[in-house]
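Residue numbers (this note's numbering): 27 to 73.
Glycine included, every Cβ here is placed at the ideal spot set by N, Cα and C.
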């Protein structure tokens with residue numbers, strides 16, 4: 027399960043993040059991306 031926020035413009039990043047967790051490649055991970063001081067991706071999931 028993925029939690030957090032992802033701007034619609036970066037939905038492909040969310041899809042890739044989720045794919046990595048579901049595949050078992052990652053057991054748990056988090057990522058935050060800011061562009062010019064605006065948080066556009068803040069996702070976490072796994073164990």
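Check: Taking the alpha-carbon positions, what's the residue 48 to residue 55 distance?
Finding: The sequence position of residue 48 within the chain shown is 22, counting from 1. The sequence position of residue 55 within the chain shown is 29, counting from 1. Roughly 12 Å between the two C-alpha positions.
Next item on the list: Along the alpha helix (DSSP H) that carries residue 35, what are the first and last residues, could you check?
Entry: Mapped onto the chain shown, residue 35 falls at position 9. Here residue 35 belongs to no alpha helix (DSSP H), and DSSP marks it neither H nor E.
Check: Quick one, which of 51, 66, 50 and 41 has its alpha-carbon nearest residue 31's?
Finding: Stepping through the chain shown from its first residue, residue 31 is reached at position 5. Looking at the Cα atoms, 66 is the closest of the given residues.
Notebook entry, point to check: Does the Cβ of residue 103 have 16 or more other Cβ atoms within 10 Å, making it buried, or fewer, making it exposed?
Noted result: The displayed coordinates of the chain run from 27 to 73. Any statement about residue 103 would go beyond what the structure contains.
Checklist line | Residues that residue 54 bridges to, as DSSP identifies them | finding: In the chain shown, residue 54 corresponds to position 28, counting from 1. The partner list for residue 54 (beta bridge, DSSP) reads 72.
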